[in-house]
Amino acid sequence: MLGVGIATAAAPPPTRVDSTVDTYFGNTIADPYRWLEDTAATDTRAWFNAQNAFTRQLLDALPGRTALHQQLRALNTTDSKVKDVQRAGDRIFFLRRAANEQHYQLFVQEGLAGTARLLIDPDRYRTGTEPAAIDYYRASPNGQRIAFGVALGGSEDSTMHVLDVDSKAALGPPVPRARWADPVWRFDSTVLFFTQQKAWPAGTPAADLLKDSRAMMRTIATIGPAVDVPIFGRALDIDVEMAPDDTPGVDGSPVSPFALGVVHHGTQLELTIYVARLNTLHSGKTPWRKLAGPERGIVGYDIRGEWIYVVTNENAPRYRVLRWSLNDPRPFTPADADVVVAESSRVVKGLSVARDALYVQQQDAGVGRLLRLEYNVRPVKSRTRATTMTARNAPLPSKPAGVARSTEIRLPFTGAIAERSIDPMHAGALLKLVGWTESPGYFVVDGKSGAVTPTVLLAPARADFGNVTAMQTMVTSHDGVNVPVTIVHAKGQRRDRSARVLLDVYGAYGVSQEPFFWPSLLAWIERGGVYVVAHVRGGGELGHAWYRGGYQATKPNTWRDAIAVGDWLVQTGWTTPSRLAITGASAGGVAAGNAIIDRPDLFAAMVSQVGFHDTLRGETGLVGPGNIPEFGSVMTESGFRDLLAMSSYARLRDGVRYPAALLTTGFNDPRVDSWDPGKMAARLQAINAGPGGSGRPVLLRVDFDAGHGGGTLDQLIDETTDVMAFLLWQTGAQDFAL
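Sequential numbering of the sequence shown, starting at 123, is according to the numbering used here.
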């Protein structure tokens, strides 16, 4: 119940309702808040401002919010954060956000024992008040050059810069429209491959802005300007097949004379791959040869000499590793390929070529595993000139006899391999390991002994999880399928129905919800909270079949799995519906939003962070066409029916008592347009406040300087504070009552 002191804020700002109706295959669908999709309009921006002001008025009035904010700041400003470590030449590169720093900066040091020096501060590229962030980077094989992308305000609309590491001199002009450019250096560090979006005229629909991207090649000359030329993509004089919404890229390795032309079909995991020799790449007609299409199930790869190692799901739902010669003129044929790692109960997550061995990452019941497979190398009888140049530091096989001994690396604790930094010019591996209760750290795997030793790249976190434990179990879903569940709670937590439980769900793109270390979780647990992850179908925890079990027509399994876990949490005494909340971020909004629709009685609250809800209109956004492989298209009748079945916005009904809800958005979000959570919030507000509604609050939190999550340290702390404060309020914490 709202207190007298904020009675004037009890009702959210009014929202205009229009009469927009769409017809799909004879079905009429009302869209009363279509006008909110015009986020550039003055009245739309005013509505978002008013909604955010209403949210701020309520959340800022919660009595316990100030103390919670102080605790979360203390938990998140005592330790440095390090991510995206790369080895190049004798150097180590990494992104680091020091304690109390607002954003990640790019550092470099000479070897693992060297002294870090600041290389790139993204603030240097700010043009106004919007925060800047480094979206990606790639160091050259010799460690002397670097390409990196910087975007403003969370937009991910990066401009790519290329610099000399020592002098910081620019190596050519900045590259605009370099969103997700995925830069790759040639073996000699003088040529850079990257992807660039086409320059479209003003007023082009958002859904068209990523069409007809091209892979470019920049040659950095010692005399004269750097030159960029297109070498892979549509409308070039090359023999390739590519759809307008496909994204082309060029990849390679310093230990192979081949280049790969890689086609990403939106969010589809399976790739199309072409191959050509490096010395044939030019602005004319590069002789690309098709190696494999998506029907071959290749989702990951690496190359060494003439050999490509692939991770494929063809006839292997939990994936296997195969090897194929790039000298073979035939298309890749799994039946004729060498089996390097056969399918097993473990899920193959990726592989990397190192100088000494092939390293294969697996997932075993949520636990990260690493295999080391030595190369069985025959003497090299002949090499092309390109092979000789790339092989100076690593002997390359002309026809290796096969992969020899396989060894499992003993990791120091049970958790996830969060990063796998492996360079083909170096022996061994550099891993980032993390657990639910173990803070992240970087560890070196010795290339000879396989011994794993910690590094000083990242000091252990000071957040004390000594009184916290994690457990795993299985819960039977609606159709008899067992769903993995992780429960993180205080040691000695009693199942007396007193815990306030936050149920986290995602279930999309084959992404696994692996262990991660979240210092802020201590604030939730200390207030009687339990954190539960439902590893629902649509994720990748149990392989490709698990992913396809929550995909397009089978997407309802994601929220039905979540509901089954929620019911189990109540039935086994962990909590009660009045203390159970569900959260989903991004595509997890589909699962969370539909869970409260199917079972509004089961949850006290929902939090949807940058969540996806209006799936019928998703194709109109910037990344909408790329998401068609995951969700489907309204342009087909079957696709429309699938999307309607998963649209929580379209499925909401008047007169239903829905739980309280907090929806968040970054106004510059390029992945889930801000109008999506805006429309969902408007519809829920009208229902909850209308006849037969629950009267529960529905809040829209808007960050006008943010995109699809992330942001500065202050932005992250402020958002976490608001989310936890809202959940504590709605699950009955006394010091958060209004």
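Backbone N, C-alpha and C define an ideal beta-carbon position, used for all residues, glycine too. Since we're looking at a predicted model, the values are computed, not measured.
Item, Value
"Take residue 391 and list the residues in its own chain whose beta-carbon comes closer than 7 Å to its own, dropping the five residues that flank it on each side.", "421, 632"
"So residue 729 packs on residue 848, CB below 8 Å; how close in whole Å?", "7 Å"
"For residue 617, is the classification buried or exposed, using 16 other Cβ atoms within 10 angstroms of its Cβ as the cut-off for buried?", "exposed"
"With a threshold of 6 Å on Cβ separation, who are the neighbours of residue 284 within its own chain once the five nearest residues in sequence on each side are excluded?", "269, 293, 294"
"Tell me which residues share the same chain as residue 151 and place their Cβ nearer than 8 Å to its Cβ, disregarding the 5 neighbours each side in the sequence.", "143, 144, 145, 738, 766, 772"
"In the DSSP assignment, the alpha helix (DSSP H) including residue 95 goes from what residue to what residue?", "Because the chain here runs from 123 to 860, residue 95 falls outside it and cannot be looked at."
"Measuring straight from C-alpha to C-alpha, what distance separates residue 640 and residue 710?", "19 Å"
"In the DSSP assignment, what residue or residues form a beta bridge with residue 242?", "228"
"What is the DSSP secondary structure of residue 149, counted as helix, strand or coil?", "strand"
"When the Cα of residue 691 is compared with those of 725, 706, 708, 659, which residue comes out closest?", "725"
"For residue 337, does the three-state DSSP call read helix, strand or coil?", "strand"
"Between the beta-carbon of residue 493 and the beta-carbon of residue 461, is there less than 8 Å?", "no"
"Quick one: what's got a C-beta closer than 6 Å to residue 651's C-beta in the same chain, skipping five residues either side?", "622"
"In the segment 814-853, which residue ranges form an unbroken beta strand (DSSP E) of at least 3 residues, counting only runs that do not cross its ends?", "820-825"
"Does DSSP put residue 302 in a helix, a strand or coil?", "coil"
"Quick one: what does DSSP say residue 531 is sitting in, helix, strand or coil?", "coil"
"Using the C-alpha atoms, what's the distance from residue 155 back to residue 805?", "8 Å"
"Quick check: the Cα distance between residue 643 and residue 842, rounded to an integer number of angstroms?", "10 Å"
"Does residue 530 pass the burial test, meaning 16 or more other C-beta atoms within 10 Å, or should it be called exposed?", "exposed"
"To the nearest angstrom, report how far apart residue 744 and residue 317 are at their CA atoms.", "17 Å"
"Can you grab the Cα-Cα spacing for the pair residue 383 / residue 298, in whole Å?", "22 Å"
"Does the Cβ of residue 846 have 16 or more other Cβ atoms within 10 Å, making it buried, or fewer, making it exposed?", "buried"
"Just how far apart, CA to CA, sit residue 506 and residue 426?", "With a pLDDT of 30 at residue 506, under the threshold of 50, the modelled position of this residue cannot be trusted; read the value that follows with caution. Looking at the two C-alpha atoms, the distance is approximately 14 Å."
"Alpha carbon to alpha carbon, how far is residue 343 from residue 681? Give it in angstroms, no decimals.", "55 Å"
"Any idea which residues DSSP pairs residue 479 with across the strands?", "496"
"Contact between the segment 271-278 and the segment 223-233 is defined here as three or more beta-carbon pairs at a separation below 8 Å; is this criterion met?", "no"
"Identify, in the order they occur along the chain, each residue of the same chain with its Cβ nearer than 7 Å to the Cβ of residue 746, setting aside the five sequence neighbours on each side.", "329, 740"
"With distance defined between alpha-carbon atoms, name the residue in 393, 406, 410 nearest to residue 399.", "410"
"Taking the alpha carbon of residue 796 as the reference point, which residue from 694, 734, 314, 336 has its own alpha carbon closest?", "734"
"Only counting runs of 4 or more residues, tell me where the alpha helix (DSSP H) segments fall wholly within the segment 183-231, in order along the chain.", "187-198"
"If you drop the 5 nearest sequence neighbours on each side, which residues of the same chain put their C-beta closer than 6 Å to that of residue 712?", "734, 768"
"If we ignore side chains and look at the alpha-carbon of each, how far apart do residue 124 and residue 860 end up?", "Residue placement at residue 124 is flagged as unreliable, the pLDDT there being 37, under the threshold of 50; the coordinate-derived value follows with that caveat. Looking at the two C-alpha atoms, the distance is approximately 5 Å."
"Go to residue 764, then tell me how far its alpha helix (DSSP H) extends in each direction, as first and last residue.", "759-768"
"Would you call the segment 687-701 in contact with the segment 595-615, where contact means no fewer than 3 C-beta pairs closer than 8 Å?", "yes"
"Quick check on residue 428: does DSSP put it in helix, strand or coil?", "coil"
"Just list the residues that DSSP pairs residue 442 with in beta bridges.", "434"
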